[in-house]
Structures are given as structure tokens and as C-alpha cells.
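K.L.:
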Amino acid sequence: MDQKLILLTIAGMALVTYLPRMLPALALSSRRLNPWLERWLSHVPAAVLSALLIPSLLAPEGRIQASWDNLFLWAALPCFLLALKTRSFFGVVALGLGLVAGVRFLS
Amino acid sequence: MESVQTLPPASAERPWPEILSGMRQALPIVLGFVPVGFAYGVLALKAGLPALPAALMSVFVFAGSAQFIAVGLLAAGAPAVTVIVTTFVVNLRHLLMSAALAPHLRQWSRPGVAWLCFQLTDETFALHATRFARGETSKAETLAVNATAQAAWVAGSVLGILCGELIGDVKPLGLDFALPAMFLALLAGQVGSRPRVATALASAAFSLLFLALGFGQWGVIAACVLGATFGTGVESWTRN
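Chains as they are written, first to last, in this note's numbering: chain A, 1 to 107; chain W, 108 to 347.
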């Protein structure tokens, strides 16, 4: 692929990424929403995070690894408990990295 | 006679405390983005993408998973249209996030909203959703979170592009677990009430089902819509 086509591809990617990011906020922020819709939207963060977490833990490499030696699944348990207890992002990420790196070093 | 000077509001004149606070709040995202951006840079170079376009993608697209997929497709010789359509599908979930932030942005100017949305990612969204729910909608702080996050992403990418040859694997450092760990931390902050727990569980169950069925990115979007609807239903039902 020549450089010009690559740059055009990136420009296209930027456009199709930006429009869905921007249009709903721009269209909806200037008006009062139906209270039911507003309540539904308040559930979106929990739904998005949960929906993204499952594949990132169960299929970290793109294919499903639902076995006992899925390290991410085990590491997720103490991380989530710590997160519920402390609400410290930094602590949770540090614990996660430490656990995964440690187990990989030992195994 | 004394001349009385009226001072402008501190926030307009000196936004620095808010900017610094935003940068501080973005730290966990930085911790996740630098290594993942690094991994992207290494992969992009190995896939045969020239250094400059690889870095520009992090500046103008700024979407983790889509960038990884696009680099893979480009390496496999996929046509440009395929790469762009795939990117669109992978990033369509931001539609929901953008809509979810909208009710909190009534005081914002339209250019402000447009700028905020350029740097809307899963991670910045989750952080903003939590902050906005607490009433923290300061523009300087919010945009500082975003700028810090993207700076980390671009810096990580550039580092990966520059020294990707030296480091073959980020796995021994556990860096590939940085983003899942952050999702866990952010999710813990979102499940404070029973209906939210219902949303998270339903969304996880649907996501698992669709993953097993091989729905790919559509599965994430569908699981999110179904999970949020279920949680809203539980909320209405428990209220009455």
C-alpha cells in the first residue's frame, strides 16, 4: 500500500470514528430528554463496562479461553474485590499488573 | 476614594487547579494507555505500516481496539474500504456513550461538546460518567482528563514505533492486563445500586452469550443495549 492510500484510509477511519462519538452528544445535550430515556442512559456506563470486560477477560487473544488456566480470569477476582473496597484505580491496576507479571514469572 | 476591582471567577482566570486535578484523575488511564499504545506501535511497525502514518492514526483515530484491528487488516492486505467499514463497526459503541454523557452537557458550548467527543474512549467515558454523576462537569478538568489520556496514548504509540525492535513482548510485565484491570475498577464504581448490579450482570451474560456465538463487535453493542434495558426495567419495577 502506498503512503497516500494509507493516509486516506486513516482519514476515513478518523471520520467514521468521530461521527458516532460526536453526533448523539451534540444532538441530545441541547434538549430535555424523556425521563425514561434519561434513566436508561444512566445505566449505559455499567452496561458498557460489563459488556467490554467479558471478552477482555475470557478472550484476551481474540478466541475464548474459558479454562482454569486463564490467568486474566483469576487475576480479575482480587482486583474487583479491591476495587469494591477502595475505589482506587491506581491500586487496582497496580495489583492486576503485579499479579499477572508475578504468575508469569513463576510459571 | 478606593477603587474597587471586581475579580473574575477564579476558575475562568486560573484554570490550573482544575487542569491539574484532571491530569491527576487521568493517571490510571495513563498507566493503561502507555503500555497498550506501546504494544500498538510495535505491532503497527511489524505489520509494515510506516512510522508516520502509524503515529498519525493514534492522533486522529485514537481508538485502541480499532487501531489494533486496522493494523492487522492492513498487514493482511485488506482493501481500504474494508478497514474503514470494520473501524466503523468496532467504534459504533461510542454512539451509546456519547448519548449517555449528553444529559450532563447542557451547560457546555457546542464546540466544547464537539471537542470533548473527539477524545471519547471507553476509558475516558467511564471516568467522565462517574465524575458527571457526582456533579463534576468542569470543562477545564474534563478536557484535561481527555488531553492527558490522549497524550499518553500517542506517547506510548510513538515509543512503540521508535523502540519496538528492542522489546519483543510486553507480556512479562503484565501490561496486557492494564486495560481489563481498569475496566474492573471503573465497573466497581458503577454498581452502587441493585438495578445497576442487574444491568452489569445482564450485560455480562449477554456479552458472554454473544461472544460464544461469535457475534464480534455487534455482540458488545447488543449486550449493552439489552443489559441497560434490563437494569432500567428492574429499577422501574422495584420503584413501584
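A virtual CB, placed ideally from N, CA and C, is assigned to each residue, including glycine. Keep in mind it's a predicted model, so treat the numbers as computed, not measured.
Can you tell me which of Glu61(A), Ala76(A), His43(A) puts its alpha carbon nearest to the alpha carbon of Pro302(W)?
P.N.:
Minimum Cα distance to Pro302(W) is reached at His43(A).
K.L.:
Report yes if the CB atom of Pro287(W) is closer than 9 Å to the CB atom of Pro45(A), and no otherwise.
P.N.:
Taking 9 Å as the Cβ cut-off, Pro287(W) and Pro45(A) do not qualify as a contacting pair.
K.L.:
So which residues on chain A does Phe284(W) lean against when the C-beta distance must stay under 7 Å?
P.N.:
Here the neighbours are Phe72, Ala75, Gly96, Leu97, Val100.
K.L.:
Between Val93(A) and Gly139(W), which are expected to be in contact by the criterion C-beta below 8 Å, what is the C-beta distance as a whole number of angstroms?
P.N.:
Right, their Cβ atoms sit about 7 Å apart.
K.L.:
Along chain W, which residues have their Cβ under 8 Å away from the Cβ of Ser56(A)?
P.N.:
Residues of chain W passing the Cβ test: Leu286, Pro287, Phe290.
K.L.:
Could one say the Cβ of Pro157(W) lies closer than 9 Å to chain A's Cβ atoms, at least one of them?
P.N.:
True, the Cβ-Cβ gap to chain A drops below 9 Å.
K.L.:
Out of Gly219(W), Leu294(W), Pro124(W), state which residue places its alpha-carbon closest to the alpha-carbon of Leu308(W).
P.N.:
The candidate whose alpha carbon is nearest that of Leu308(W) is Leu294(W).
K.L.:
Given that Leu280(W) touches chain A, what residues does it touch there, using C-beta distances under 8 Å?
P.N.:
Within 8 Å Cβ-Cβ: Leu97, Ala101.
K.L.:
Which value, in whole angstroms, describes the spacing of the CA atoms of Ala285(W) and Arg213(W)?
P.N.:
Going from the Cα of Ala285(W) to the Cα of Arg213(W) covers about 33 Å.
K.L.:
If you run the structure through DSSP and keep just helix, strand and coil, what is Leu77(A)?
P.N.:
Helix.
K.L.:
Output needed for Leu33(A): all residues of its chain with C-beta closer than 8 Å, excluding positions within five of it in sequence on either side, in chain order.
P.N.:
Around Leu33(A): Leu41.
K.L.:
Using a beta-carbon distance cut-off of less than 8 Å, what residues from the region 28 to 48 of chain A approach chain W?
P.N.:
Result list: Leu28, Ser29, Ser30, Leu33, Trp36, Glu38, Arg39, Trp40, Leu41, Ser42, His43, Val44, Pro45, Ala46, Ala47, Val48.
K.L.:
Consult DSSP for Phe322(W) and reduce its assignment to one of helix, strand or coil.
P.N.:
Correct three-state label for Phe322(W): coil.
K.L.:
Answer yes or no: does any C-beta atom of chain W fall closer than 9 Å to that of Ala11(A)?
P.N.:
Chain W, which has a Cβ nearer than 9 Å to the Cβ of Ala11(A), makes this yes.
K.L.:
Indicate whether at least one CB of chain A lies closer than 9 Å to the CB of Arg241(W).
P.N.:
It does not: the Cβ of Arg241(W) has no partner Cβ on chain A nearer than 9 Å.
K.L.:
Can you tell me whether Glu342(W) is buried or exposed? The criterion is at least 16 other CB atoms within 10 Å of its CB, across all chains shown.
P.N.:
The residue is buried, with at least 16 neighbouring Cβ atoms inside 10 Å.
K.L.:
Please classify Leu95(A): is it buried, with 16 or more other beta-carbons within 10 angstroms of its beta-carbon, or exposed?
P.N.:
Label assigned to Leu95(A): buried.
K.L.:
Should the region 217 to 226 of chain W be called in touch with the region 18 to 31 of chain A, which here means at least 3 C-beta pairs below 8 Å?
P.N.:
Counting Cβ pairs under 8 Å, three or more are found: they touch.
K.L.:
Taking the C-alpha atoms as reference points, what is the distance between Leu19(A) and Phe337(W)?
P.N.:
About 28 Å.
K.L.:
Three or more beta-carbon pairs under 8 Å between the region 137 to 152 of chain W and the region 255 to 275 of chain W, yes or no?
P.N.:
Touching, per the Cβ criterion.
K.L.:
Residues of chain W with CB under 9 Å from Gln3(A), in chain order?
P.N.:
Ordered by position in chain W, the residues that pass the 9 Å Cβ test against Gln3(A) are Pro157, Leu159, Pro160.
K.L.:
Would you kindly work out how many angstroms separate the C-alpha atoms of Pro122(W) and Ala247(W), rounded to a whole number?
P.N.:
Using only the alpha carbons, I get a separation of about 6 Å.
K.L.:
Run through DSSP, which three-state label would His43(A) get?
P.N.:
Looking at His43(A) - three-state DSSP - the assignment turns out to be coil, as it is neither helix nor strand.
K.L.:
In chain order, which continuous runs of the alpha helix (DSSP H) of length 4 or greater are located wholly inside the region 168 to 221 of chain W?
P.N.:
Complete alpha helix (DSSP H) runs here, min 4: 171 to 182, 187 to 198, 201 to 208.
K.L.:
Could you spell out the range, first to last residue, of the alpha helix (DSSP H) harbouring Phe140(W)?
P.N.:
134 to 153 is the extent of the alpha helix (DSSP H) around Phe140(W).
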